[in-house]
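A.B. asks: This note's numbering puts the first residue of the sequence shown at 56, with every later residue one more than the last.
Note that the Cβ used here is the ideal one computed from N, Cα and C, for glycine as well.
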Amino acid sequence: MNNNLSTVQQIYAAFGQGDIPAIIDHLEDNVSWEGWADNTAQKAGVPWMKAQKGKAGAMAFFQYVGTMMQIKDFQILSLMEGGNQVAAEFIIEADVPGTGGHFRDEEMHLWTFNEAGKVTRLRHYTDTAKHIKAAGL
């Protein structure tokens, strides 16, 4: 099994157990988290979609998720790997109690790795309109 694919499986297993430090251990120090220029959810100010940098930024993402969302369902549908990247197709359903918002979406994560097997970038492909509405924006 490809080590990067195995790492992504470990990351999602840790997420399911709430073991955020185990996830952070798989990240390169200067990881790019949600960093892309044309994300309408970022432009609208959705807190959990904010571009982050470094392990502290990734930890900030998980703090947003942990304090702002109640995840009702999270299912990995498939994992695909090629070169230094792994793509994960998944379903997520969550409530956002602070806004009364809710969303259910089929989404993709694209994980990019360095030669040492550490995550250098996470890019999240989602229906940004659902996140904007759930955030009450």
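Taking DSSP's pairing of strands, which residues face tyrosine 180 in a bridge?
C.D. replies: Answer is Met163.
A.B. asks: Any idea what DSSP makes of asparagine 85, helix, strand or coil?
C.D. replies: DSSP places asparagine 85 in strand when its eight states are reduced to three.
A.B. asks: Would you mind listing the alpha helix (DSSP H) stretches within the region 59-114 that are 4+ residues and don't spill past its ends, in chain order?
C.D. replies: Those alpha helix (DSSP H) runs which fall completely within the region 59-114 and span 4+ residues are 75-80 and 95-99.
A.B. asks: Please report the straight-line C-alpha distance between methionine 56 and alanine 142, rounded to a whole angstrom.
C.D. replies: Low per-residue confidence applies at methionine 56: pLDDT is 45, beneath 50, and the placement is therefore not dependable enough to give any value.
A.B. asks: So, with DSSP's three-state summary, where would you put glycine 156?
C.D. replies: Of the three classes helix, strand and coil, the one that applies to glycine 156 here is strand, per DSSP.
A.B. asks: Report, in whole angstroms, the separation of the C-beta atoms of methionine 114 and valine 151, which I expect to be a contact under 8 Å.
C.D. replies: The pair is not a contact, with the Cβ atoms about 20 Å apart (cut-off 8 Å).
A.B. asks: So, is proline 76 buried or exposed, given that buried needs 16 or more other C-beta atoms within 10 angstroms?
C.D. replies: By the 10 Å Cβ count, proline 76 comes out exposed.
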